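Numbering (my numbering), first residue to last: 11 to 157.
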């Protein structure tokens with residue numbers, strides 16, 4: 011009899027976890043995530059990715075982190091009066107059914123202070139932070155050039 015109650019309790023616990031995961035809603039989808047391989051002496055790298063929002067509600071990327079880098083931040087490069095300028099982006103909203111393209115010369119992830127040198131083919135994980143507190147781990151591939 012005790013064993014039966016244990017199984018019922020375990021089943022209830024598992025079902026509540028599944029319900030919580032489902033209630034959290036859908037997540038954005040990351041595609042073609044890559045990091046440009048810089049010259050050996052560069053203390054910074056740049057990450058690029060397409061982030062699609064298949065959800066019915068808007069989402070917002072508000073940060074990023076990685077165990078491979080000291081700091082990860084979202085930036086945008088813009089040309090103003092013929093001069094290329096970079097600024098930090100606090101939040102990147104993505105409307106339902108739309109996508110954000112992080113690419114060279116525009117939005118990108120600034121990857122400061124890699125903890126160890128990265129080589130082409132390596133695949134560090136960068137976790138994107140959403141405004142609602144959820145996170146999206148994304149595997150990036152280090153490449154010499156765009157895919």
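All C-beta atoms, glycine included, are put in the ideal place defined by N, C-alpha and C.
Keep in mind that this is a model prediction, so the values were computed, not measured.
Contact between residue 109 and residue 61 is confirmed by a C-beta separation of about 6 Å, below the 8 Å threshold.
Using a C-beta cut-off of 8 Å, the stretch 122-132 makes contact with the stretch 80-88, since at least three inter-stretch Cβ pairs fall below that distance.
It is roughly 23 Å from the alpha-carbon of residue 46 to the alpha-carbon of residue 100. Assignment of residue 99 by DSSP, reduced to helix, strand and coil, places it in the coil class. Residue 40 and residue 59 have their C-alpha atoms spaced approximately 7 Å apart.
In the DSSP assignment, residue 60 is bridged to 41 and 111. Where residue 120 is concerned, the enclosing beta strand (DSSP E) starts and stops at 117-124. Across the structure, residue 128 and residue 97 are spaced so that their CA atoms are roughly 25 Å apart. Residue environment analysis places residue 54 among the exposed positions, since fewer than 16 neighbouring C-beta atoms fall within 10 angstroms of its C-beta. By the CB criterion at 7 Å, residue 42 and residue 157 fall inside the cutoff. DSSP places residue 139 in the uninterrupted beta strand (DSSP E) bounded by 135-140.
In this structure residue 57 touches residue 119 by the C-beta definition: roughly 4 Å separates them, less than 8 Å.
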